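**Q**
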Amino acid sequence: DQQVKQNSPSLSVQEGRISILNCDYTNSMFDYFLWYKKYPAEGPTFLISISSIKDKNEDGRFTVFLNKSAKHLSLHIVPSQPGDSAVYFCAAGGGADGLTFGKGTHLIIQP
Amino acid sequence: EAQVTQNPRYLITVTGKKLTVTCSQNMNHEYMSWYRQDPGLGLRQIYYSMNVEVTDKGDVPEGYKVSRKEKRNFPLILESPSPNQTSLYFCASSFASGSGSYNEQFFGPGTRLTVL
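As you go down the protein sequences, you meet chains A and B in turn.
Per this note's numbering, the first sequence starts with residue -7, numbered consecutively.
Per this note's numbering, the second sequence starts with residue 58, numbered consecutively.
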């Protein structure tokens, strides 16, 4: 059973517009959430995180929103830039266990 | 420079020939983990270690072994590799849970393994 779901394998957005990547989770024990970005031939790199005590965290062009009642989080990128083209992984964690990752969403920024 | 290193980066081997992929971190992290990435399946955890001499199975541990004799190293061992272990492998490390951090994991560059 997949505990972290990213239902969109890919997403295409025009440069300068907003990119919205979605993630759903099922485990109510998760208390922190992270987004990772991955370019081809490289390891994932940390992008932004949010604790379950917050509903929003912002870092420059990146904002993560958390809706605990819906067990849903989203990553907003505004404005989208060509360098944002990558695979984005949603991850969740809680307690002593490690992170559980979603399958990833391939974001393509079109000029 | 703070980093996670993996070796080798690329490896082609044959079924049944034992191999080890090394992982080393220089950030004094307690927690280390191995993942495999496969098309359509994302990142799946193989094994993890909360500290020296403490290891535990992840979601897909079959066919793999690990050891944690030193804090900085966490090798992944395939005693008898099979073609279904052809994958892209990532090692990651972080401070342990409960440290007050968000457990941001730092990833190595990946090892692409092909088992013929």
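Idealized CB from N, CA, C, for every residue including glycine.
These numbers were taken from a predicted model, which means no experiment stands behind them.
Give the DSSP-derived three-state secondary structure of residue 113 of chain B in the structure shown.
**A** strand
**Q** Looking at C-alpha atoms only, which residue of B:80, B:95, B:148 is the closest neighbour of residue 142 of chain B?
**A** With distances taken between Cα atoms, residue 142 of chain B lies closest to B:95.
**Q** Just to make sure I have the definition right: I need the residues of chain D whose C-beta is within less than 7 angstroms of the C-beta of residue 58 of chain A. Which are they?
**A** Judged by its chain identifiers, the structure shown contains no chain D, and its protein chains are A and B.
**Q** Indicate whether residue 86 of chain A and residue -4 of chain A have their beta-carbon atoms separated by less than 8 angstroms.
**A** no
**Q** To which residues does DSSP link residue 50 of chain A through a beta bridge?
**A** A:55
**Q** Quick one: using the 10 Å Cβ neighbour count with 16 as the cut-off for buried, is residue 45 of chain A buried or exposed?
**A** exposed
**Q** Taking Cβ to Cβ, would you say residue 103 of chain B is nearer than 8 angstroms to residue 118 of chain B?
**A** yes
**Q** Which word fits residue 9 of chain A, buried or exposed, when buried means at least 16 other C-beta atoms lie within 10 angstroms of its C-beta?
**A** By the 10 Å Cβ count, residue 9 of chain A comes out exposed.
**Q** State the Cα-Cα distance for the pair residue 53 of chain A and residue 14 of chain A, rounded to the nearest angstrom.
**A** 16 angstroms
**Q** The segment 72 to 95 of chain A: which residues have C-beta closer than 7 angstroms to a C-beta of chain B, in chain order?
**A** 81, 85, 87, 88, 90, 91, 93, 94, 95
**Q** Three or more beta-carbon pairs under 8 angstroms between the segment 83 to 99 of chain B and the segment 143 to 151 of chain B, yes or no?
**A** yes
**Q** With DSSP as the reference, label residue -5 of chain A as helix, strand or coil.
**A** Shown here, residue -5 of chain A sits in coil according to DSSP, grouped into three states, outside any helix or strand.
**Q** So is residue 34 of chain A in contact with chain B if we call contact Cβ pairs under 8 angstroms?
**A** yes
**Q** Given a cut-off of 8 angstroms on the beta-carbon distance, is the pair residue 0 of chain A and residue 97 of chain A in contact?
**A** yes
**Q** Rounded to a whole number of angstroms, what is the C-alpha to C-alpha distance between residue 45 of chain B and residue 60 of chain B?
**A** Given that chain B is displayed from residue 58 to residue 173, the structure contains no residue 45 of chain B and the question cannot be resolved.
**Q** With DSSP as the reference, identify every bridge partner of residue 95 of chain B, one or two as the case may be.
**A** B:99
**Q** Which residues of chain B have a Cβ atom closer than 8 angstroms to the Cβ of residue 38 of chain A, listed in chain order?
**A** 161, 162, 163
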